[in-house]
Amino acid sequence: MEISEAETEQRTTAGPPHEALFLALAYLPVLELLAMSEVCSSLRDSVKNDDIIPWLNVVVERPLNKRLCDRTLMRIAAMAKGKLTTLSLFHCSKITDHGLQWVADHNPLLNKLLIPGCTGLTPQGVIRAVKTLSENGHTVKSLRINGIYNIQKHHLETLHSYLQIPTSQQRLEHHVDEPLIDLQICPRCDQPRVVFVCPIKSCEIKKEKSTVTDCRGCSFCVPRCTECGVCFNESEEDEEAVCGDDLCSNCWLRLPKCSLCNKPYCTRHAKEKCRYSSGSTQFVCDACNAKFVERLYDSDEE
1 MEISEAETEQ RTTAGPPHEA LFLALAYLPV LELLAMSEVC SSLRDSVKND
51 DIIPWLNVVV ERPLNKRLCD RTLMRIAAMA KGKLTTLSLF HCSKITDHGL
101 QWVADHNPLL NKLLIPGCTG LTPQGVIRAV KTLSENGHTV KSLRINGIYN
151 IQKHHLETLH SYLQIPTSQQ RLEHHVDEPL IDLQICPRCD QPRVVFVCPI
201 KSCEIKKEKS TVTDCRGCSF CVPRCTECGV CFNESEEDEE AVCGDDLCSN
251 CWLRLPKCSL CNKPYCTRHA KEKCRYSSGS TQFVCDACNA KFVERLYDSD
301 EE
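For reference, each letter of the sequence shown is one residue, going 1 to 302 in UniProt numbering.
In structure tokens:
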């Protein structure tokens, strides 16, 4: 069947975007929103609309985090037009104190500042941003700064004063409470770290010492299960996962195991599994897969 030139031209001519795309904009993450803004003028105008939810709660993670710089952050934050309430930057190493301070200056309603692993930031830059956000009676409700270099005890004390944290609440329980700030002073090493409390009330250490603070400590001072946060006492040996993290016996038993070495991945590193097929529940860990490929390579050379 022959197709006329008019029909061919009609099929190849670009038309306006489907109405469903405009409804989906509010549910897209930042990376996809930036891509959509480059498609056509109508989508670009819709993305710049300050009523779109993502601009009020900006979350940047992989793969955009490696490319995010101060200039791009300012461009994204400007979309909120001063109404930004949540800024979550996960391991965005190119963000500096200048970019963070610009966001704080132009978004006085920001109450959640999550910047873990942003190694381009300094403690002084974080303090200046929190001080700016704490002016005029406003208070930051959540601050995550674990992974930022050179944070000292006096930096943490300054942040506590701006966050108005009572001394009685300056503690963190593993996977239970959501404190205002993720770093605390470890009662054992006296350093600013993420401090955990064993989530199990029947912990043997608590029973023997009759205190709730004996198993409190950072991961360097008190070894604990990566999955559930239970501290390892002298009567229980820790089990090792493929990724090198420590697991308690209960978590080790319930997690899926590698079909070759019979070791599990922790939930945080579960994406490193090499499955037999897309629908299979069995998997081979990255280490065993590398050994298998190496053997195939050696056999081909022979």
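For every residue, glycine included, the Cβ atom is placed at its ideal position computed from N, Cα and C. In this text the structure is predicted, and so the values were computed from the model without any measurement.
{"Check": "Length-filtered (3 minimum) beta strand (DSSP E) runs lying within the stretch 88-167", "Outcome": "112-114 and 142-144"}
{"Check": "Proximity below 9 Å, CB of Arg224 to CB of Pro187", "Outcome": "no"}
{"Check": "Burial state of Cys248, where buried means 16 or more other Cβ atoms lie within 10 Å", "Outcome": "buried"}
{"Check": "CB of Leu109 within 9 Å of CB of Leu143, strictly", "Outcome": "no"}
{"Check": "Spatial neighbours of Val47 in its chain, beta-carbon cut-off 7 Å, leaving aside the 5 residues before and after", "Outcome": "Leu25, Leu33, Met36 and Ser37"}
{"Check": "Stretch pair the stretch 77-84 + the stretch 129-139: three plus CB contacts closer than 8 Å", "Outcome": "no"}
{"Check": "Host beta strand (DSSP E) of residue 350 (start-end)", "Outcome": "Given a span of 1 to 302 for the chain in the structure shown, any question on residue 350 remains unanswerable."}
{"Check": "Bridge-paired residues (DSSP) for Thr267", "Outcome": "BP columns for Thr267 are empty, so no partner."}
{"Check": "Pair within 9 Å by beta-carbon distance, Asn107 and Ala77", "Outcome": "yes"}
{"Check": "The alpha helix (DSSP H) enclosing Val30, as first and last residue numbers", "Outcome": "Val30 to Met36"}
{"Check": "First and last residue of the uninterrupted alpha helix (DSSP H) at Ile76", "Outcome": "Asp70 to Ala78"}
{"Check": "C-beta neighbour in chain D for Asp245, strict 9 Å", "Outcome": "In summary, chain D is missing from the structure at hand, where a single protein chain is found."}
{"Check": "His175 classed as buried or exposed, judged by whether at least 16 other C-beta atoms fall within 10 angstroms", "Outcome": "Confidence in His175 is poor, its pLDDT being 43 and thus under 50, which makes the residue's placement unreliable; the coordinate value appears in the next sentence. The residue is exposed, with fewer than 16 neighbouring Cβ atoms inside 10 Å."}
{"Check": "Which of helix, strand or coil DSSP assigns to Asp286", "Outcome": "helix"}
{"Check": "Beta-carbon spacing of Ile200, Leu159 below 9 Å", "Outcome": "no"}
{"Check": "Alpha carbon of Glu227 to alpha carbon of Arg71, nearest angstrom", "Outcome": "37 Å"}
{"Check": "CA-to-CA distance, Ser161 to Val242, given in whole angstroms", "Outcome": "42 Å"}
{"Check": "Exposed unless 16 or more other CB atoms sit within 10 angstroms - verdict on Pro16", "Outcome": "exposed"}
{"Check": "Those residues which DSSP pairs with Ile181 across a bridge", "Outcome": "Leu143"}
{"Check": "Rounded Cβ spacing between Val30 and Val59 (contact assumed at less than 8 Å)", "Outcome": "7 Å"}
{"Check": "Residues near Asp245 by beta carbon distance below 8 Å, same chain, minus five either side", "Outcome": "Thr226, Cys266, Arg268 and His269"}
{"Check": "Cys288 versus Cys261: straight-line alpha-carbon distance, rounded", "Outcome": "7 Å"}
{"Check": "Span of the alpha helix (DSSP H), counted from its first residue to its last, around Leu253", "Outcome": "Ser249 to Arg254"}
{"Check": "Three-state secondary structure (DSSP) of Arg44", "Outcome": "helix"}
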